[in-house]
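Residue numbers (this note's numbering), protein chains in the order written: chain L, 2 to 106; chain W, 27 to 285. Note that the Cβ used here is the ideal one computed from N, Cα and C, for glycine as well.
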């Protein structure tokens, strides 16, 4: 699924940097019903992780009350050049990944 | 005598805009953006936080994806959308010669699918049609709206204007009663806007998804307890055309975020 990632392309070593992520997902709560009364099955993202050069630096659990197309932003310290890897995991075997690179000077 | 007549005329002129509340003067027009909270504005302004951009990305992928029995992609005829589609959405709904009536951008995409791709039409409000129209309309971001300039559209613009002015539903309200006469006031805590369709398809937070101007019009109709026109109905297209021509000269914002 489409995802929009915002990581600064460059940073100074030791700087706190903001990472913003937005991903496509309907986040169906499981509490809604169709016109004929049938429950619409839950279909949400349940977990998000961010790894910085292989080390997990941020993790979030997501719940039905979170809006569609979840947006998450968080901070980390720029330590070394490399790659951020993002992973969203959800119901019905949902899995989606994205990555972004950073140069640390 | 002349002195008193002048005073009466001046008094009439001063009160006339209030008495005969009607159309908004061109320089007083404001996008729905100006009625929004700073947080929602920030969400629209930053392409990496604007959820409408997810649909634009999907549309970009669909643009080059072959479809239908002709096995052609949009890009096979139209090339690079960044140049070929710039300003296109700003002039829609546009007159279609073969049908002898205006068609919306969504209808144009489906006409292209039927005539050139030999593909099944995409259902109204489906993810793919919204993604394609968001991608096409995004190419016009910052372009001034020119819809309704075509003289062949005059009678349809007039039809849309009549519908805009016509009271309907159990609440017996016309579009104009809120959007011309009472914008900047509040309705159940939400700002009443001028109904300038500058950013469609919009990402509406209440919908949790992207939606077309027709969806927005239909939800207003339901709001005044009227029977909404079906998607694609000539009345909805005429209203859309009137609204776009009423916003002529304003800048496109697609994909806009709205509460």
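Can you tell me whether DSSP reads residue 15 of chain L as helix, strand or coil?
-> coil
Short check: CB of residue 12 of chain W to CB of residue 247 of chain W, under 8 Å?
-> Any question about residue 12 of chain W goes unanswered here, given that chain W covers just 27 to 285.
Assigned secondary structure, residue 109 of chain W (DSSP; H/G/I helix, E/B strand, else coil) | helix
Residues that residue 7 of chain L contacts on chain W, provided the C-beta gap is smaller than 7 Å = 74
At a Cβ threshold of 8 Å, is residue 130 of chain W touching chain L?
-> no
Is residue 107 of chain W closer than 8 Å to residue 161 of chain W when the C-beta atoms are compared?
-> yes
Cβ-Cβ distance between residue 151 of chain W and residue 258 of chain W below 8 Å | no
Could you name the residues of the same chain whose beta carbon sits closer than 6 Å to that of residue 99 of chain W, not counting the 5 residues immediately before and after it, in chain order?
-> 90, 91, 92
In chain order, what residues of the region 21–35 of chain L put their CB closer than 9 Å to some CB of chain W?
-> 21, 22, 23, 24, 25, 27, 28
7 Å CB neighbourhood of residue 197 of chain W in its chain, flanking five on each side removed = 250, 251
Compare the C-beta of residue 253 of chain W with all C-beta atoms of chain L and state if any pair is closer than 8 Å.
-> no
Can you find a CB in chain L that lies within less than 8 Å of the CB of residue 234 of chain W?
-> yes
Quick one: Cα of residue 212 of chain W to Cα of residue 218 of chain W, how far?
-> 5 Å
Rounded Cβ spacing between residue 227 of chain W and residue 163 of chain W (contact assumed at less than 8 Å) = 7 Å
Chain-ordered neighbours of residue 62 of chain W on chain L, where CB pairs are closer than 9 Å | Correct list: empty, because the minimum Cβ distance to chain L is about 17 Å.
Residues in its own chain within less than 6 Å of residue 16 of chain L by CB, not counting five upstream and five downstream?
-> 79
Element boundaries [beta strand (DSSP E), containing residue 162 of chain W] = Note, residue 162 of chain W: premise wrong, no beta strand (DSSP E); alpha helix (DSSP H) at 153–164.
Report the partner residues of residue 23 of chain L according to the DSSP bridge assignment.
-> L:5, L:72
Please check the pair residue 27 of chain L and residue 69 of chain L, which I expect to be a contact at CB under 8 Å, by giving their CB distance rounded to whole angstroms.
-> 5 Å
Three-way DSSP call (helix, strand, coil) for residue 235 of chain W in this model | strand
Any contact of the region 54–72 of chain W with the region 259–267 of chain W, i.e. 3+ C-beta pairs under 8 Å?
-> no
By the criterion of Cβ-Cβ separation under 7 Å, what are the contact partners of residue 84 of chain W in chain L?
-> 3
Quick one: using the 10 Å Cβ neighbour count with 16 as the cut-off for buried, is residue 57 of chain L buried or exposed?
-> exposed
In chain L, which residues lie less than 9 Å from residue 80 of chain W when you measure between Cβ atoms?
-> 2, 3, 4, 5, 23, 24, 25, 70
Would residue 47 of chain W be called buried (16 or more neighbouring beta carbons within 10 Å of its own) or exposed?
-> Interpretation of residue 47 of chain W is limited by its pLDDT of 49, a score under 50 that renders its predicted location unreliable; the figure taken from the coordinates is listed afterwards. Per the 10 Å Cβ criterion, exposed.
Quick one: is residue 227 of chain W near chain L, going by C-beta distance under 8 Å?
-> no
Counting Cβ pairs, one atom from each stretch, are 3 or more of them under 8 Å apart for the region 77–85 of chain W and the region 7–26 of chain L?
-> yes
Can you pull the chain L residues whose beta carbon is under 7 Å from the beta carbon of residue 281 of chain W, in chain order?
-> The premise fails here: residue 281 of chain W is roughly 12 Å from chain L at the closest Cβ pair, so nothing lies under 7 Å.
Report yes or no: is there a C-beta of chain L within less than 8 Å of the C-beta of residue 149 of chain W?
-> no
Counting only beta-carbon atoms, is residue 52 of chain W nearer than 8 Å to chain L?
-> no
Residues sharing a beta bridge with residue 81 of chain W, DSSP | Paired residues: none, contrary to the question.
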